[in-house]
Amino acid sequence: MTPAEKTGADDRLKTLFALDEPAARDPVFSTEVMARVMRRRFQEDLAFLSGATVAGGAALWAIWPVLQPVLVTLSQGFAPALGVLALGACALVVVGGRARAALGLAS
Amino acid sequence: MILTSLDESLVAAAQGGSAEAFSRLVERHQQAVRTFLRRACGNWAQADDLAQETFLAAWSRIGRLKTGASVRAWLCGIGYNKHLTAVRSASRDRVREASYQADRDDVIDACSEDKLALEAAMAELPAEQRACVALCLAADFSHAEASEALGLPLGTVKSHISRGRARLLQALGVSDDAS
């Protein structure tokens with residue numbers, strides 16, 4: 007087989023192989039892949055957050071006997087101030103929302 | 668060169684967590700991966716499933732991809748390993764080999780006798796040889812790239828391609844005195 011014939015045979019093989027090639031870009035395939043990737047990412051995030059929540063809960067449970075007296079003491083001292091701050095925050099949300107609506111900024 | 672640097676920038680962005688960049692990598696390389704897997708395993712539906720799993724695994728392992736490495740060779744390597752894992756399941760293997768030609772008949776009904784002969788010959792090649800032929804004769808991979816993708820020594824790849832090519836040409840009725 008001469009080099010020219012060899013190239014011809016390879017071209018013939020390539021042409022036959024090319025007959026059933028999938029499309030260069032298949033949106034359905036891409037969408038399915040990315041949906042699976044996003045699902046995987048969500049599952050990983052969920053697993054991480056679940057683990058962090060369980061670990062945080064366990065830590066809180068472990069230190070609760072020490073933490074509780076401290077919190078009781080602090081809450082008695084800061085209760086008035088926290089109450090005022092909470093009322094202020096509520097007022098800001100209500101008034102702020104109305105003001106934005108009046109200015110046509112609310113979506 | 669420009670395409671390679673585009674791949675590199677997309678890989679860098681995907682390594683930083685960009686799903687959009689990864690989506691573009693999927694778009695750019697889906698044809699190479701799907702074509703390779705279709706030829707390697709013969710069953711189109713299974714090949715597309717494996718291609719999806721390949722990209723899913725690639726998303727998890729993108730951080731391990733070295734700068735400057737061939738993305739399509741890396742993806743085809745992951746796909747090939749997934750294919751081998753599937754092949755190792757004996758029952759699946761038997762079903763796949765038995766249905767190889769049957770699956771093709773629906774798809775290539777209108778194709779020539781040559782195409783059918785080529786598909787039959789591909790089905791008879793050993794898995795490694797078929798993978799080498801699928802990459803180098805059908806998809807323009809260099810021998811070195813195929814060697815990297817399949818994890819085979821360069822000499823083995825060359826030998827597989829030479830033998831596979833001879834068998835395919837024989838099936839097509841073309842004499843191959845060069846081999």
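Taken in order, these protein sequences are the chains called D and W.
Just so you know, our numbering puts 93 at position 87 of the first sequence, and the rest follows in order with no gaps.
Just so you know, our numbering puts 835 at position 168 of the second sequence, and the rest follows in order with no gaps.
Even for Gly, the Cβ is constructed at its ideal location relative to N, Cα and C.
The model shown is predicted, which means the values in this text are computed figures rather than measured ones.
(request) Could you tell me if residue 745 of chain W is buried or exposed, where buried requires 16 or more neighbouring beta carbons within 10 angstroms of its beta carbon? (result) For the purposes of this step, residue 745 of chain W is taken as the residue at position 78 of the second sequence. By the C-beta density criterion, residue 745 of chain W is buried, having at least 16 other C-beta atoms within 10 angstroms.
(message) Between the alpha carbons of residue 812 of chain W and residue 718 of chain W, how many angstroms are there, rounded?
(response) Sequence index remark: in the second sequence, residue 812 of chain W carries index 145 (1-based). Sequence index remark: in the second sequence, residue 718 of chain W carries index 51 (1-based). Straight-line spacing of the CA atoms in residue 812 of chain W and residue 718 of chain W works out to 19 Å.
(request) Have a look at residue 735 of chain W and residue 741 of chain W and give me their C-alpha separation to the nearest angstrom. (result) Taking the second sequence and counting its residues from 1, the one referred to as residue 735 of chain W is at position 68. Taking the second sequence and counting its residues from 1, the one referred to as residue 741 of chain W is at position 74. When rounded, the separation of the alpha-carbon atoms in residue 735 of chain W and residue 741 of chain W is 11 Å.
(message) By alpha-carbon positions, which one of W/788, W/708, W/826 ends up nearest to residue 751 of chain W?
(response) To locate residue 751 of chain W, count along the second sequence from 1; it is residue 84. That would be W/708, whose Cα lies nearest to the Cα of residue 751 of chain W.
(message) Any beta carbon from chain W within less than 7 Å of residue 23 of chain D's own beta carbon?
(response) Position 17 of the first sequence, counted from the start, is the residue given in the question as residue 23 of chain D. Yes, its Cβ sits closer than 7 Å to a Cβ of chain W.
(message) Can you pull out the residues from the region 674–704 of chain W whose beta carbon lies closer than 8 Å to at least one beta carbon of chain D?
(response) Of all residues in the region 674–704 of chain W, 686, 689, 690, 693, 694, 697, 698, 701, 702 have a Cβ within less than 8 Å of some Cβ in chain D.
(message) Using a Cβ-Cβ distance cut-off of 7 Å, determine whether residue 78 of chain D contacts chain W.
(response) Taking the first sequence and counting its residues from 1, one reaches residue 78 of chain D at position 72. Judged by the 7 Å Cβ criterion, residue 78 of chain D is not in contact with chain W.
(request) Grab the span of the alpha helix (DSSP H) containing residue 689 of chain W for me, first residue to last. (result) Counting from one through the second sequence, the residue named residue 689 of chain W turns up at place 22. Residues 686–708.
(message) With the cut-off set at 7 Å, would you say residue 723 of chain W and residue 678 of chain W are in Cβ contact?
(response) Looking up residue 723 of chain W in the second sequence gives position 56. Looking up residue 678 of chain W in the second sequence gives position 11. No, the pair does not count as a contact, with Cβ atoms beyond the cut-off.
(request) Go through its chain and collect everything with a Cβ distance to residue 777 of chain W's Cβ below 6 Å, but skip five positions before and after it. (result) Position 110 of the second sequence holds residue 777 of chain W. Because the pLDDT at residue 777 of chain W is just 44, under 50, the model does not fix this residue reliably, and the point stays unresolved.
(request) For chain W, find out if any of its Cβ atoms is closer than 7 Å to the Cβ of residue 35 of chain D; answer yes or no. (result) Counting from 1 along the first sequence, the entry for residue 35 of chain D is found at position 29. For residue 35 of chain D, the nearest beta carbon of chain W is closer than 7 Å to its own beta carbon.
(message) Rounded to whole angstroms, what is the Cα-Cα separation between residue 801 of chain W and residue 681 of chain W?
(response) Residue 801 of chain W sits at position 134 when you count from the first residue of the second sequence. Residue 681 of chain W sits at position 14 when you count from the first residue of the second sequence. Computed Cα separation, rounded: 28 Å.
(request) Kindly indicate which residue of W/754, W/673, W/788 has the alpha-carbon position closest to the one of residue 714 of chain W. (result) Counting from one through the second sequence, the residue named residue 714 of chain W turns up at place 47. That would be W/754, whose Cα lies nearest to the Cα of residue 714 of chain W.
(request) Sort W/747, W/730, W/727 by Cα distance to residue 701 of chain W and report the nearest one. (result) As a first step, residue 701 of chain W must be located in the second sequence, where it is residue number 34. Comparing alpha-carbon positions, the option among W/747, W/730, W/727 lying closest to residue 701 of chain W turns out to be W/747.
(request) Kindly give me the distance between the Cβ atoms of residue 782 of chain W and residue 52 of chain D, rounded to whole angstroms, as I take these residues to be in contact under 8 Å. (result) Reading the second sequence from its first residue, position 115 is the one you call residue 782 of chain W. Reading the first sequence from its first residue, position 46 is the one you call residue 52 of chain D. Contact between residue 782 of chain W and residue 52 of chain D is ruled out by a C-beta separation of about 48 Å, above the 8 Å threshold.
(request) Would you verify that the beta carbon of residue 713 of chain W is, or is not, closer than 7 Å to some beta carbon of chain D? (result) By 1-based counting over the second sequence, the position of residue 713 of chain W is 46. By the rule that beta-carbons nearer than 7 Å mark a contact, residue 713 of chain W does not touch chain D.
(request) Mind reading off the beta-carbon distance from residue 32 of chain D to residue 697 of chain W? Whole number of angstroms is fine, and I expect it under 8 Å. (result) Your numbering for residue 32 of chain D matches position 26 in the first sequence. Your numbering for residue 697 of chain W matches position 30 in the second sequence. Between residue 697 of chain W and residue 32 of chain D the Cβ distance is about 6 Å, and since that is below 8 Å, they are a contact.
(request) Note the first and the last residue of the continuous alpha helix (DSSP H) segment covering residue 26 of chain D. (result) If you number the first sequence from 1, residue 26 of chain D lands on position 20. That residue, residue 26 of chain D, is in no alpha helix (DSSP H); it is neither H nor E in DSSP.
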